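Residue numbers (the numbering used here), protein chains in the order written: chain A, 1 to 154; chain B, 1 to 648.
Presented below is the structure to which this report refers.
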């Protein structure tokens with residue numbers, strides 16, 4: 001892992017402050033999240049305070065500071081999904097997995113993220129698990145989908 | 001997919017240049033016609049692979065079409081296209097047989113591929129899945145199939161921005177050029193000065209499509225006349241309004257139109273560098289846009305000394321990192337500079353001092369997508385459509401409880417009623433419409449009786465809402481307006497950047513007040529009830545302070561959803577406060593569930609799941625819910641297989 005990080009940082013070394021966001025995005029892409037170590041090293045390489053980088057990164061919803069689960073469940077909570085009862089889908093998923101949104105299960109299998117809008121409002125309510133989309137869901141469908149993930153894993 | 005090496009970059013450049021002059025040589029014209037697929041030698045299968053299509057299963061459809069063709073050894077071309085706008089009918093598959101017109105089929109999921117291709121490749125039509133056929137002057141028509149343009153969904157539209165969406169292959173620059181693309185850019189670079197382009201746009205009356213409605217030409221002129229050595233153009237594709245997906249569909253369906261618009265706008269303000277800021281969530285859009293830019297650069301339409309005009313331009317795609325406030329232009333600029341996306345005071349306006357302190361124009365995607373057509377057809381053509389103050393067309397993303405959800409483009413001046421009941425096909429399941437939400441979290445809800453309002457910046461403002469970026473969500477009687485107001489205040493308090501205290505704290509307080517009136521009170525006496533009423537009485541006052549004292553658009557418009565809901569649906573708020581009742585049965589704490597003893601089989605599923613043991617009853621006998629213990633979570637409703645649980 002560290003090699004990968006070095007490689008990404010080196011690619012951005014000659015660049016200015018305005019490339020901080022693309023750099024963070026690339027690191028998250030490679031590691032799945034922004035670790036404390038990666039933020040420290042980006043700071044050292046770009047000669048920026050760690051607190052500054054942390055301040056920028058926490059501002060944006062995209063960045064996460066914990067590794068995500070093997071099955072990353074994104075639940076859309078845009079207007080269209082909301083009136084199609086996506087709040088109940090969120091509650092049901094939280095109940096089944098026994099975690100809250102933004103958390104990862106202890107075995108590292110599942111994590112839940114509530115997103116503002118996926119731009120698929122015409123097919124609401126929508127959830128995505130590792131980029132596979134499910135549309136037009138009912139809360140009672142969630143259990144089957146999660147069970148299916150578990151069997152696929154085994 | 002057909003690769004871009006169908007023609008060499010040099011040849012492509014010739015195309016663009018030749019396309020400009022009227023006497024196209026017959027040879028070129030023949031090639032262009034071939035690219036336009038006026039005639040095809042083998043069957044062509046078009047699959048809609050925008051995000052909406054992919055979610056509906058177009059990926060599997062595509063794979064099973066490939067399998068089918070290779071199994072049966074049929075020589076056919078598969079083309080991926082963007083979204084035509086009819087998202088509710090996805091996945092859409094079009095087929096064009098040699099000599100015949102292109103015909104469109106709906107809901108072609110993977111299992112349906114085989115029967116569809118079996119029939120169509122033998123010139124027969126499957127039942128029930130035909131959407132319609134495309135018009136064409138020379139090709140033979142399918143008998144008994146309606147024209148797409150005869151469908152109410154398409155008939156009332158006026159597609160300028162969306163003209164190519166869902167029809168052409170977004171990966172192919174040739175197809176865009178064959179349909180007249182990059183013609184306007186060529187004309188601009190060869191014949192017009194920057195001032196002239198600004199004048200044309202100003203004359204056309206084009207206004208910002210992001211919601212504000214600022215005249216685009218005026219903005220460009222300000223930036224052009226500002227004294228600086230460097231200028232920037234930013235295309236704002238940070239579409240974070242929940243309920244809006246116009247920009248995504250445009251990026252995915254016709255990326256070259258946006259690239260051409262960006263290039264013309266950059267030339268008009270004399271910028272050498274342009275940024276396209278896209279939401280990172282739109283992976284497909286980012287991908288197609290990047291491919292489009294590299295194709296255009298290869299063909300010499302971007303980069304150094306474009307078409308020998310001496311003008312240089314590079315376009316960079318930047319992925320937004322997910323912050324609603326970055327849709328605001330000064331916050332967007334902060335974000336591009338690698339900082340927290342907080343807005344700055346205006347003036348100085350970005351057109352005077354923006355990115356890195358240089359004059360910067362920030363335009364919405366749809367605004368820029370209008371630009372090539374305006375320069376191609378002239379400002380008078382554009383201003384001929386629309387109303388007195390609002391010219392041209394507007395793209396809307398239709399979502400919510402309507403039959404035809406999707407993407408449409410209508411002339412300004414069309415009424416909301418026509419849009420919802422004719423184009424969108426009315427409300428689902430014959431229910432009554434309650435409200436229409438326009439403009440996302442900065443907009444507001446209009447009640448049924450105001451739907452006659454025309455789509456026009458000023459008319460909508462008079463009716464108490466804003467044009468917004470084009471998200472339009474229709475709500476029926478199953479929607480609770482207090483809950484919707486609460487949804488938006490929750491969204492805004494999360495997305496407030498925290499710079500101005502009225503917005504940061506005020507939106508949170510607004511949310512708390514609303515939570516209070518939807519929460520089940522522990523007791524109806526004393527302090528708590530008093531607080532609840534006091535809060536509601538102060539809502540309007542609080543909203544006024546937030547509106548007047550916030551720096552950017554987010555804060556200034558933050559009270560809109562609440563104020564409009566309070567104005568038009570006051571009786572629903574009063575019901576929540578006085579009667580402790582939610583008429584749509586949405587507010588969790590205010591609803592009580594009952595069990596229909598006729599339907600209950602005594603399976604005990606609900607009793608086992610009930611978190612408060614409010615359900616009693618013995619196995620195989622009807623169960624009963626104790627009202628006082630029920631917290632209205634609805635789990636019993638969700639687990640019941642016999643539909644015996646209901647809300648009263």
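Cβ atoms here follow ideal geometry from the backbone N, Cα and C, with glycine treated the same way.
These numbers come from a predicted model, not from an experiment.
Per-residue DSSP class, three states only, for residue 16(A): Indexing the first chain from 1 puts residue 16(A) at position 16. Three-state result, residue 16(A): coil.
Going by the CB atoms, is the gap between residue 344(B) and residue 367(B) shorter than 7 angstroms? Along the second chain, one-based indexing puts residue 367(B) at 367. Along the second chain, one-based indexing puts residue 344(B) at 344. Going by C-beta atoms, residue 367(B) is not nearer than 7 angstroms to residue 344(B).
Could you pull out every unbroken alpha helix (DSSP H) segment of at least 4 residues lying fully inside the region 29-116 of chain B, listed in chain order? 51-56, 58-71
Chain B contact residues for residue 25(A), given Cβ-Cβ distances below 9 angstroms: For the purposes of this step, residue 25(A) is identified with residue 25 of the first chain, where counting begins at 1. Going along chain B in sequence order, the residues near residue 25(A) (Cβ under 9 angstroms) are 280, 319, 321.
With DSSP as the reference, identify every bridge partner of residue 393(B), one or two as the case may be. As a working mapping, residue 393(B) is identified with position 393 in the second chain. Paired residues: 411(B).
Which residues in the same chain have their Cβ closer than 6 angstroms to the Cβ of residue 200(B), if we skip the five residues on either side of it in sequence? Reading the second chain from its first residue, position 200 is the one you call residue 200(B). Here the set comprises 379.
Residue 516(B) and residue 532(B): beta carbons closer than 7 angstroms? Indexing the second chain from 1 puts residue 516(B) at position 516. Indexing the second chain from 1 puts residue 532(B) at position 532. Going by C-beta atoms, residue 516(B) is nearer than 7 angstroms to residue 532(B).
Nearest to residue 450(B) (by Cα), restricted to the options 173(B), 569(B), 257(B): Looking up residue 450(B) in the second chain gives position 450. Nearest option by C-alpha distance: 569(B).
Would you say the region 75-92 of chain B touches the region 32-45 of chain B, given that touching needs at least three Cβ pairs under 8 angstroms? yes
For residue 364(B), name the three-state secondary structure that DSSP assigns. For the purposes of this step, residue 364(B) is taken as the residue at position 364 of the second chain. Residue 364(B): strand per DSSP, three-state reduction.
Among 545(B), 49(B), 206(B), 359(B), nearest to residue 272(B) - alpha-carbon criterion: In the second chain, the residue the question calls residue 272(B) occupies position 272. The shortest Cα separation from residue 272(B) among 545(B), 49(B), 206(B), 359(B) belongs to 359(B).
Under the DSSP definition of a beta bridge, which residues are partnered with residue 445(B)? The sequence position of residue 445(B) within the second chain is 445, counting from 1. 437(B).
Counting only the same chain and skipping the five closest in sequence on each side, list residues whose C-beta sits under 6 angstroms from that of residue 209(B). Sequence index remark: in the second chain, residue 209(B) carries index 209 (1-based). Hits under 6 angstroms: 364, 366, 367.
Would you list the residues sitting across from residue 217(B) in a DSSP beta bridge? On the second chain, residue 217(B) is found 217 positions in, with the first residue counted as 1. Answer by DSSP bridge pairing: none, since residue 217(B) is not bridged.
Can you tell me where the beta strand (DSSP E) holding residue 135(A) begins and where it ends? Locating residue 135(A) in the first chain gives position 135, where the first residue counts as 1. Here the beta strand (DSSP E) through residue 135(A) covers 132-135.
Pull up the CB-CB distance for residue 90(B) and residue 53(B), whole angstroms please, since I reckon it's below 8 angstroms. The residue given as residue 90(B) occupies position 90 in the second chain. The residue given as residue 53(B) occupies position 53 in the second chain. About 5 angstroms separates the two Cβ atoms, so the contact holds.
On a Cα-Cα basis, can you pick out the residue from 313(B), 245(B), 361(B) that is closest to residue 215(B)? Position 215 of the second chain, counted from the start, is the residue given in the question as residue 215(B). When each option's Cα is compared against that of residue 215(B), the closest is 361(B).
Per DSSP, what are the beta-bridge partners of residue 318(B) in this structure? On the second chain, position 318 is the one that residue 318(B) refers to. For residue 318(B), which the question treats as bridged, DSSP gives the partners 277(B).
Examine chain A for any beta-carbon lying closer than 7 angstroms to the beta-carbon of residue 596(B), and answer yes or no. Against the second chain, residue 596(B) aligns to sequence position 596. Chain A, which has no Cβ nearer than 7 angstroms to the Cβ of residue 596(B), makes this no.
Could you say which of 396(B), 386(B), 253(B) lies nearest to residue 411(B) if we only look at CA atoms? Here residue 411(B) refers to the residue found at position 411 when the second chain is read from its first residue. Considering only alpha carbons, the answer is 386(B).
Mind reading off the beta-carbon distance from residue 129(B) to residue 147(B)? Whole number of angstroms is fine, and I expect it under 8 angstroms. Position 129 of the second chain, counted from the first residue, corresponds to residue 129(B). Position 147 of the second chain, counted from the first residue, corresponds to residue 147(B). Wrong, their Cβ atoms sit about 17 angstroms apart, outside the cutoff.
If we cut at 7 angstroms on Cβ distances, does residue 125(A) have a partner in chain B? Translated into the one-based positions of the first chain, residue 125(A) becomes position 125. Chain B contact via Cβ: absent.
Can you pull out the residues from the region 49-65 of chain A whose beta carbon lies closer than 7 angstroms to at least one beta carbon of chain D? Among the protein chains of the structure shown, namely A and B, there is no chain D.
What does a CB cutoff of less than 8 angstroms around residue 318(B) pick up in its chain, not counting 5 residues either side in sequence? For the purposes of this step, residue 318(B) is identified with residue 318 of the second chain, where counting begins at 1. The answer, listed in chain order, is 275, 276, 277, 278, 336.
Rounded C-beta distance between residue 645(B) and residue 591(B)? I'm assuming under 8 angstroms. Sequence index remark: in the second chain, residue 645(B) carries index 645 (1-based). Sequence index remark: in the second chain, residue 591(B) carries index 591 (1-based). No, residue 645(B) and residue 591(B) are not in contact; Cβ-Cβ is about 11 angstroms, not under 8 angstroms.
If we define contact as Cβ-Cβ less than 7 angstroms, is residue 238(B) a contact residue for chain A? Within the second chain, numbered from 1, the residue matching residue 238(B) stands at position 238. For residue 238(B), the answer is no, since every Cβ of chain A falls outside 7 angstroms of its Cβ.
Environment of residue 649(B) [buried if 16+ CB atoms lie within 10 Å]: No answer is possible for residue 649(B): it lies beyond the span of chain B, which begins at 1 and ends at 648.
Return yes when the Cβ of residue 83(B) is within less than 7 angstroms of the Cβ of residue 57(B), no when it is not. Numbered from its first residue, the second chain carries residue 57(B) at position 57. Numbered from its first residue, the second chain carries residue 83(B) at position 83. No, they are not a contact pair.
Does any CB atom of chain A fall closer than 7 angstroms to the CB of residue 198(B)? Counted from its first residue, the second chain places residue 198(B) at position 198. Judged by the 7 angstroms Cβ criterion, residue 198(B) is not in contact with chain A.
Can you check whether the CB of residue 238(B) is closer than 7 angstroms to the CB of residue 165(B)? Here residue 165(B) is taken as the residue at index 165 of the second chain, counted from 1. Here residue 238(B) is taken as the residue at index 238 of the second chain, counted from 1. Against a cut-off of 7 angstroms, the Cβ pair of residue 238(B) and residue 165(B) comes out as no contact.
Taking residue 178(B) as the reference, which of 416(B), 112(B), 28(B) has the closest Cα? Numbered from its first residue, the second chain carries residue 178(B) at position 178. Ranking 416(B), 112(B), 28(B) by Cα distance to residue 178(B) puts 28(B) first.
Going along the region 322-339 of chain B in order, which residues come within less than 8 angstroms of chain A, judged by CB to CB distance? 322, 323, 324, 335, 336, 337, 338, 339
The alpha helix (DSSP H) spanning residue 198(B) covers which residue range? Residue 198(B) sits at position 198 when you count from the first residue of the second chain. Residues 194-204.
Do the region 113-123 of chain A and the region 64-79 of chain A make contact, defined as three or more Cβ pairs closer than 8 angstroms? yes
Taking the continuous alpha helix (DSSP H) assigned at residue 476(B), which residues delimit it? The residue labelled residue 476(B) in the question sits at position 476 within the second chain. No alpha helix (DSSP H) contains residue 476(B), which is instead part of the beta strand (DSSP E) from 471-476.
Establish whether the CB of residue 245(B) and some CB of chain A are separated by less than 7 angstroms. Stepping through the second chain from its first residue, residue 245(B) is reached at position 245. It does: the Cβ of residue 245(B) has a partner Cβ on chain A nearer than 7 angstroms.
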